[in-house]
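S.K.: Sending over a structure as structure tokens; questions will come in a sec.
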Amino acid sequence: MNDVNILELFLALDLQEHMVGYSSVRDDKEIAPEYQAKLTDIPLLAERYPSIEVLAGASPDLYLAGWNYGMTEDSGLTPETLAPLGINTYAITESCIRIMDREQVSLEDTFTDLRNLGRIFAVEEQAEALIEQYRAELAEITETVGPVDEPLRVFVYDSGEDTPLTAARFATPNAMIEAAGGTNIFNDVDSSWTQVNWEDVVDRNPEYIVIIDYGQLNAQGKIDFLKAQPELADVDAIQNDHFVVLTYAEATPGPRNVARTRTLAEAFYPENFQGSDSADTSNTVTATTYPLTIENCDTTITYDEPPTRIVSMNDDSTLILLALGLQDKIAGIGYATSAAIPPEYDTAYNELNVLAEGAYPALEEVVAVEPDFIYASLRSAYGDEAAGDRESLQDFGINTYLGTEYCQEDNEVTIDIIYTDIRNIGQIFDVSAQAEALVASMQSDIAEVQQQIESVEEPLRIFFYDSGEESPFTAGGSGMAGELIELAGGENIFDDIADEYGETNWELVVERNPEFIVIADYGTTTADEKRDFLLNYAPLRDVIAIQEERFVTVPLRHLIAGLNNPKAVRTMAEAFYPEAFGSAGTTTLTSVNRQPSDP
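Residue 150 is where the sequence shown starts when you use this note's numbering, and the numbers rise one by one after that.
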């Protein structure tokens with residue numbers, strides 16, 4: 150199949166076993182984390198469109214694509230050319246406007262594709278369940294927005310400088326904007342994606358601009374371009390810094406459309422979503438105004454301009470910088486292990502200057518690369534055995550930032566702290582558009598999991614096993630691990646421990662009788678060795694989780710505040726409640742190394 154949105158549509162129905170290959174997936178068209186594991190053994194046939202020879206070489210009996218989404222006369226990939234090769238075709242409904250007349254695009258088009266795929270592959274029940282879920286989410290969005298006397302005027306900016314490429318009435322963003330209570334200013338153009346002129350944009354005066362984040366110029370670059378155009382200076386959206394960012398996969402027909410419709414609605418009408426559990430009223434992207442003052446972990450720093458040379462002290466902080474497109478500003482990285490780095494960032498990560506592998510760089514090594522900013526996700530990065538404390542570094546003219554997880558003295562850690570970090574870094578470097586897109590993606594991933602498990606009436610009792618044989622080291626009630634267990638629908642049996650982590654005793658484990666055990670995978674003792682110890686430790690023999698061998702393994706790096714947190718939530722939720730995800734058994738992720746523990 151061709152293109153990330155179509156691929157995700159297929160994987161949403163758990164049809165990966167039927168795949169022999171896929172194409173047109175690259176760095177600016179990233180696959181959502183929940184689908185990446187499903188593609189482990191499936192080859193990428195081409196980063197763009199496959200040739201007919203490459204496609205035929207994979208011996209498929211069905212090619213799933215769309216007109217201009219992998220099927221074109223020019224490429225030679227059409228139903229007529231593929232049929233003699235024994236390859237049937239399915240074109241997504243939204244794309245049919247390119248070969249026939251049809252009604253205005255609707256989000257129902259994607260539901261039609263889901264239903265058709267369900268019928269083709271005999272998973273109709275699963276398809277209908279997804280459709281019902283998406284319709285319920287849309288109904289909630291519509292109800293929350295309420296009656297709109299005059300919908301907000303919205304312009305979709307895809308690309309183009311001399312002439313802008315935009316979404317017209319037959320493109321998916323048009324349907325999303327309408328469902329979110331807006332109106333596409335080019336809704337009167339009978340086309341899908343089309344070129345217009347800047348004079349019409351000015352004349353129609355959009356109140357919001359939706360940026361499509363893909364291609365050579367990233368979202369922030371597109372925003373900067375628009376704001377630099379004199380002819381757009383009086384446009385309402387430009388004057389008010391009203392931008393919303395959608396990725397390619399969110400703006401094309403697929404399983405992300407409904408969640409991102411909510412993102413649009415929350416940006417258009419934030420007051421209507423106040424108090425909503427999943428509301429994020431910060432989707433309006435504002436350019437940073439300097440001087441900027443950021444308070445972080447009792448340290449207040451004022452920035453007169455964006456830093457230009459960064460040292461990142463942990464892989465978790467490095468990943469955030471890469472995801473925000475800041476790799477060109479990274480002068481060096483410390484404690485490099487690649488433990489937290491997903492495959493899609495491998496290339497960028499491997500090009501970075503490593504100051505210390507598996508350890509923190511000394512102050513001399515840090516100063517040698519002349520940084521003006523240090524970012525660390527763990528408190529130990531600012532210890533005496535590393536680069537030194539933040540105050541001393543500031544004396545060297547080096548500003549610093551510490552992950553908010555390690556600022557919390559008396560308060561419980563929540564998932565919101567990583568959103569705070571991403572937004573703060575976005576502000577500091579004037580890349581708030583990318584930051585908001587990143588936050589929205591994480592929120593959507595977690596919301597999707599919680600939607601799957603919303604029928605759970607009584608959370609399973611969970612024991613988090615970090616390490617220890619004489620006395621177990623476990624997650625307490627004020628750390629990220631406990632928060633992620635709760636987001637995954639579990640109840641941490643030691644949430645009464647005041648700290649993030651703490652020692653307990655085996656008698657209490659037995660007394661609290663966990664129904665599931667989460668094993669933190671790190672260090673020299675493997676997850677399998679930890680599991681074997683627990684299974685063979687006689688005092689635990691009557692514990693439900695031991696009797697039924699109910700374990701799930703999660704890399705420790707996914708349990709530290711960072712971009713990998715949604716993966717941990719999904720991993721645990723799928724293990725705790727497999728029936729909610731249409732599967733059985735437990736999920737295990739790859740083992741990683743732990744960095745020095747933090748107090």
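Using N, Cα and C, we set each Cβ at its ideal position, and we do this for glycine too. Fair warning: this is a prediction, and the values are worked out from it, not measured in the lab.
How would you write the range of the alpha helix (DSSP H) that residue 159 sits in, first residue to last?
M.R.: Per DSSP, residue 159 belongs to the alpha helix (DSSP H) from 153 to 160.
S.K.: Of all the beta strand (DSSP E) runs that stay within the bounds of the stretch 554 to 583, which reach a length of 3 or more residues?
M.R.: Complete beta strand (DSSP E) runs here, min 3: none at all.
S.K.: Which residues share a DSSP beta bridge with residue 124?
M.R.: The question about residue 124 has no answer, for the chain in this structure spans 150 to 748.
S.K.: Could you tell me if residue 168 is buried or exposed, where buried requires 16 or more neighbouring beta carbons within 10 angstroms of its beta carbon?
M.R.: Answer is buried; the Cβ neighbour count reaches 16.
S.K.: Using only alpha-carbon positions, find the residue among 260, 344, 649 and 183 that is nearest to residue 597.
M.R.: Residue 597 has its Cα closest to that of 183, out of 260, 344, 649 and 183.
S.K.: So what's residue 362 in DSSP terms, helix, strand or just coil?
M.R.: Note: residue 362 maps to strand in three-state DSSP.
S.K.: What are the boundary residues of the alpha helix (DSSP H) that includes residue 754?
M.R.: Lying outside 150 to 748, the shown extent of the chain, residue 754 is not represented and no answer is given.
S.K.: For residue 238, which of 205, 482 and 256 has the nearest alpha-carbon?
M.R.: Selected option, being the one with the closest Cα: 205.
S.K.: For a quick check, are the C-beta atoms of residue 464 and residue 485 less than 8 Å apart?
M.R.: Yes. Within cutoff.
S.K.: Going by the CB atoms, is the gap between residue 267 and residue 303 shorter than 8 Å?
M.R.: Not in contact: residue 303 and residue 267 (Cβ atoms no closer than 8 Å).
S.K.: Buried or exposed, going by whether 16 or more other CB atoms sit within 10 Å of the CB of residue 369?
M.R.: Buried, by the Cβ-count rule.
S.K.: According to DSSP, simplified to helix, strand and coil, what is residue 480?
M.R.: Looking at residue 480 - three-state DSSP - the assignment turns out to be strand.
S.K.: Excluding the five sequence neighbours on either side, which residues of its own chain have a C-beta within less than 7 Å of the C-beta of residue 608, listed in chain order?
M.R.: Cβ within range, chain order: 638, 639 and 640.
S.K.: Under the rule that 16 or more other beta-carbon atoms within 10 Å means buried, what is residue 646, buried or exposed?
M.R.: So residue 646 ends up on the buried side.
S.K.: Per DSSP, which residues does residue 640 bridge with? Please list them.
M.R.: For residue 640, which the question treats as bridged, DSSP gives the partners 610.
S.K.: Buried or exposed, going by whether 16 or more other CB atoms sit within 10 Å of the CB of residue 634?
M.R.: Residue 634 comes out buried.
S.K.: Given this structure, state the Cα-to-Cα distance separating residue 242 from residue 155, to the nearest angstrom.
M.R.: Cα to Cα, the separation comes out at about 11 Å.
S.K.: Around the C-beta of residue 593, are 16 or more other C-beta atoms found within 10 angstroms, so that it is buried, or is it exposed?
M.R.: Buried: at least 16 other Cβ atoms inside 10 Å.
S.K.: For the stretch 471 to 524, list the beta strand (DSSP E) runs that are entirely contained and at least 3 residues long, ordered along the chain.
M.R.: Those beta strand (DSSP E) runs which fall completely within the stretch 471 to 524 and span 3+ residues are 479 to 482.
S.K.: Using the Cα positions of residue 391 and residue 613, report the straight-line distance between them to the nearest angstrom.
M.R.: Taking the straight line joining both Cα atoms gives about 43 Å.
S.K.: Is it right to say residue 506 is buried, meaning 16 or more other beta carbons lie within 10 angstroms of its own, or is it exposed?
M.R.: So residue 506 ends up on the exposed side.
S.K.: Do you know how far the Cα of residue 305 is from the Cα of residue 380?
M.R.: Approximately 17 Å, taken between the alpha carbons.
S.K.: Measuring alpha carbon to alpha carbon, tell me which residue in 707, 367 and 246 is nearest residue 567.
M.R.: Cα-wise, what sits closest to residue 567 is 707.
S.K.: On the DSSP letters alone, give me the boundaries of the beta strand (DSSP E) that residue 302 sits inside.
M.R.: Note, residue 302: beta strand (DSSP E), 301 to 306.
S.K.: Is DSSP giving residue 704 helix, strand or coil here?
M.R.: Here residue 704 sits in strand by DSSP.
S.K.: If you drop the 5 nearest sequence neighbours on each side, which residues of the same chain put their C-beta closer than 7 Å to that of residue 725?
M.R.: Closer than 7 Å at the Cβ level, and outside the excluded window around residue 725, lie 609, 637, 638, 639 and 665.
S.K.: Using 10 angstroms around the beta-carbon of residue 715, count the other beta-carbons present and answer buried if the total reaches 16, otherwise exposed.
M.R.: Buried, since its Cβ has 16 or more Cβ neighbours within 10 Å.
S.K.: Please name the residue in 256, 257 and 240 whose C-alpha comes closest to that of residue 249.
M.R.: Selected option, being the one with the closest Cα: 240.
S.K.: Among 619, 151, 186 and 462, which has the Cα closest to the Cα of residue 170?
M.R.: If we check each option's Cα against that of residue 170, 151 comes out closest.
S.K.: How about residue 336: is its C-beta nearer than 8 Å to some C-beta of chain D?
M.R.: Of the protein chains in the structure, only one exists, and it is not chain D.
S.K.: Just confirm the distance between the C-beta atoms of residue 203 and residue 194, as a whole number of angstroms; I'd bet it's less than 8 Å.
M.R.: 5 Å between Cβ atoms; contact.
S.K.: Got a sec? Which residues, its chain only, sit under 7 Å from residue 160 by beta carbon, not counting five neighbours each side?
M.R.: Closer than 7 Å at the Cβ level, and outside the excluded window around residue 160, lie 184 and 187.
S.K.: On the DSSP bridge list, what partners appear for residue 551?
M.R.: According to DSSP, which records beta bridges pairwise, residue 551 is partnered with 525.
S.K.: Secondary structure at residue 403, three-state DSSP: helix, strand or coil?
M.R.: Residue 403 falls in the coil class under three-state DSSP.
S.K.: So within the stretch 324 to 393, which uninterrupted alpha helix (DSSP H) runs reach at least 4 residues, ignoring any that extend past its ends?
M.R.: The stretch 324 to 393 contains these whole alpha helix (DSSP H) runs: 347 to 353, 368 to 376 and 385 to 388.
S.K.: Quick one: measure Cβ to Cβ for residue 443 and residue 467, integer angstroms, because I've assumed they're closer than 8 Å.
M.R.: Residue 443 to residue 467, Cβ: 20 Å. No contact.
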